[in-house]
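Inspection log for the structure reproduced underneath, given as structure tokens.
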Amino acid sequence: MAIDALLAPLLRVEIFQGLSPLQITEIARRAERIVFKPGSKITVAGKDADAAYLIVGGVADCLSMDDDGLPEAVEEASLIGEMAMLIEHSYGATVLARGNVRCLKILRSEMHEQMLDDPVLADKLSANITARLTRVAQELRAIDRDVAQTNYGHSDNMAQILAH
Numbered sequence: 052m053a054i055d056a057l058l059a060p061l062l063r064v065e066i067f068q069g070l071s072p073l074q075i076t077e078i079a080r081r082a083e084r085i086v087f088k089p090g091s092k093i094t095v096a097g098k099d100a101d102a103a104y105l106i107v108g109g110v111a112d113c114l115s116m117d118d119d120g121l122p123e124a125v126e127e128a129s130l131i132g133e134m135a136m137l138i139e140h141s142y143g144a145t146v147l148a149r150g151n152v153r154c155l156k157i158l159r160s161e162m163h164e165q166m167l168d169d170p171v172l173a174d175k176l177s178a179n180i181t182a183r184l185t186r187v188a189q190e191l192r193a194i195d196r197d198v199a200q201t202n203y204g205h206s207d208n209m210a211q212i213l214a215h
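This note's numbering numbers the first residue of the sequence shown as 52 and each following residue consecutively.
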């Protein structure tokens with residue numbers, strides 16, 4: 052697999068946004084290249100994880116079911132088990148290759164080594180994670196406000212009903 056074919060999916064992953072071309076290239080260089088055959092398990096829910104998998108070609112199925120009771124498609128440029136490349140972690144879902152799936156296996160040990168060699172990389176990854184968590188917190192606050200307003204409206208209606 053040519054390095055250029057590996058860089059495009061890496062550049063689309065949110066946690067890698069803002070990294071230098073050299074940093075992205077080094078992540079690709081250190082990653083293992085793996086091809087999963089149809090039906091092969093890419094990750095298993097609950098299993099100790101030592102790496103994240105970036106799909107660079109093909110489609111996989113996440114067995115945590117969507118609203119229709121069907122497996123969710125995991126498409127190219129999806130990063131599976133993201134936190135496993137940074138911290139000790141267990142996979143949260145079982146992911147199976149739908150057809151032939153080409154992946155980069157980004158090992159935690161390699162990421163730690165790269166961050167030791169390049170502390171700016173660690174800072175950028177940390178900043179990207181912090182920004183994402185901040186967005187999630189803002190979204191949760193907005194949901195809380197909406198729920199509170201909905202409940203407030205219902206309690207007003209209930210008070211009017213009880214008054215009559």
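We treat Cβ as the ideally placed atom computed from N, Cα and C, and that holds for glycine.
Which runs of the beta strand (DSSP E) spanning at least 3 residues fall entirely within the stretch 129–174, listed in chain order?
Runs of the beta strand (DSSP E) inside the stretch 129–174: 146–148, 152–158.
For the candidate residues A128, A100, R159, whose alpha-carbon lies nearest to that of Q68?
A128
Would you kindly report the start and end of the unbroken beta strand (DSSP E) that includes P219?
Outside the displayed span of the chain (52 to 215) sits residue 219, for which this structure offers no information.
Reducing DSSP to helix, strand and coil, say where L73 ends up.
helix
How is A56 classed by DSSP in three states: helix, strand or coil?
Of the three classes helix, strand and coil, the one that applies to A56 here is helix, per DSSP.
Cβ-based neighbour list, R149, same chain, cut-off 8 angstroms, excluding 5 preceding and 5 following:
P89, G109, V110, A111, D112, A124
Residue span of the beta strand (DSSP E) that contains K92, given as start and end
92–94
For I194, list the residues DSSP reports as bridge partners.
Paired residue(s): none; I194 is not in a bridge.
On the DSSP bridge list, what partners appear for V86?
BP columns for V86 point to R153.
For R196 and T185, I'd like the C-alpha separation in whole angstroms.
17 angstroms
So the beta strand (DSSP E) I66 belongs to, where does it begin and stop?
Segment: none, I66 is in no beta strand (DSSP E) and carries neither H nor E.
Just checking my contact of A100 with S141 at CB under 8 angstroms: how many whole Å lie between their CB atoms?
6 angstroms
Three-state secondary structure (DSSP) at V187?
helix
Looking at H140 and the ligand SAH, is the gap between the Cβ and the nearest heavy atom below 7 angstroms?
Ligands displayed in this structure: none; no statement on the ligand SAH is therefore possible.
Taking the continuous beta strand (DSSP E) assigned at V107, which residues delimit it?
102–108
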